[in-house]
Ligand SMILES: Nc1ncnc2c1ncn2[C@@H]1O[C@H](COP(=O)(O)OP(=O)(O)OP(=O)(O)O)[C@@H](O)[C@H]1O
Ligand SMILES: [Mg+2]
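Numbering (the working numbering), first residue to last: 1 to 292.
Spelled out as structure tokens, the structure:
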């Protein structure tokens, strides 16, 4: 199963918000979209979800089941926590009792409590609502997960717990994940590839791969790799960060990322996919080429 987007452009009225987007996503792969506010990440996700038709370009997908978590939780106000989570299970023909049991089990995995099960969305905090929305996306065990800033409303402890839940589900189902995050560290932790987007109009500026297996990514390694990314001029410019040119500073070479002292790390650090090398470096036989 795979998704291929070619030369996709989208405009709202006369404003072009996405320009010549190309991307590929394969089963079992996690792709993170990162970029500043307004660069079109959510718009791209809505197009992949089939909620928007692109102005130009092609999108081919062989994924069947899609689970979505949008930037706003979009919970049904008249349904409680369990019923919101179990919403998609009805369409799969799962009986009501079983739907409720699965919904409740997933709610507990999300760190919600027994006493939360019958609450309605207006009775939930923002972080609780986003956990219900994430649980709803996972509930049907889809083969493509579209997640728009799934962890943004959560504290650091919950985030870590839910990273584990997501990883477990992806491992168990072989699902592909297209996720948006503002947090580069989160992207380095969870993704196989990162697409750095720039605004006006939204476009892919650069693509990075993270070849190291997720279970081998220690916190120290993730901090080190994120630090290297944060020193790349394009990344700094893209997020409007001041350029650093102090003594001893150098532009990080993303093709030779530091391994943080972990054996075997030199070969599997974050790496920019550029030009011809993109075509041989990517996992799953993926051919790069969306790199500016
Ligand atoms: N329905 C719409 N009608 C008109 N313009 C829109 C619509 N949705 C989004 N836009 C515009 O498209 C651009 C991209 O918006 P989008 O929500 O995709 O950005 P984003 O990268 O997800 O931003 P953020 O990180 O803040 O969520 C913005 O300039 C926004 O104003
Ligand atoms: Mg958005």
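Just so you know, even glycine gets a beta-carbon here, dropped at the ideal spot from N, CA and C.
Computed from a prediction, not measured in an experiment: that's the story for all the values here.
Can you list, in chain order, every residue whose CB sits closer than 5 Å to a heavy atom of ligand 1?
Those residues are 12, 17, 37, 38, 39, 40, 41, 42, 43, given in chain order.
State the Cα-Cα distance for the pair residue 50 and residue 153, rounded to the nearest angstrom.
So the alpha carbons of these two residues sit roughly 25 Å apart.
Per DSSP, which one or two residues make a beta bridge with residue 67?
For residue 67, which the question treats as bridged, DSSP gives the partners 145.
With which residues is residue 202 paired in a DSSP beta bridge?
DSSP, once it has assigned bridges, lists 18 as partnering residue 202.
Can you tell me whether residue 208 is buried or exposed, with buried defined as 16 or more other CB within 10 angstroms of its CB?
Burial call: buried.
Nearest to residue 193 by CA position, among 10, 135, 34, is which residue?
Here the closest residue by C-alpha is 34.
Residues in its own chain within less than 6 Å of residue 203 by CB, not counting five upstream and five downstream?
Taken in chain order, the residues that qualify are 19.
Return the bridge partner residues of residue 61 from the DSSP annotation.
DSSP output for residue 61 lists 3 as bridge partner(s).
Check for me: the beta strand (DSSP E) holding residue 180 runs from which residue to which?
Here the beta strand (DSSP E) through residue 180 covers 176 to 180.
For ligand 3, is there a heavy atom less than 7 Å away from the beta-carbon of residue 1?
Ligands in the displayed structure: ligand 1 and ligand 2; ligand 3 is not one of them.
Going by the CB atoms, is the gap between residue 69 and residue 137 shorter than 8 Å?
In contact: residue 137 and residue 69 (Cβ atoms closer than 8 Å).
Mind checking whether the beta-carbon of residue 232 lies closer than 7 Å to any heavy atom of ligand 2?
Incorrect: residue 232 has no Cβ contact closer than 7 Å to ligand 2.
Relative to the C-alpha of residue 12, which residue among 40, 63, 21 is closest?
Closest option to residue 12, Cα to Cα, is 40.
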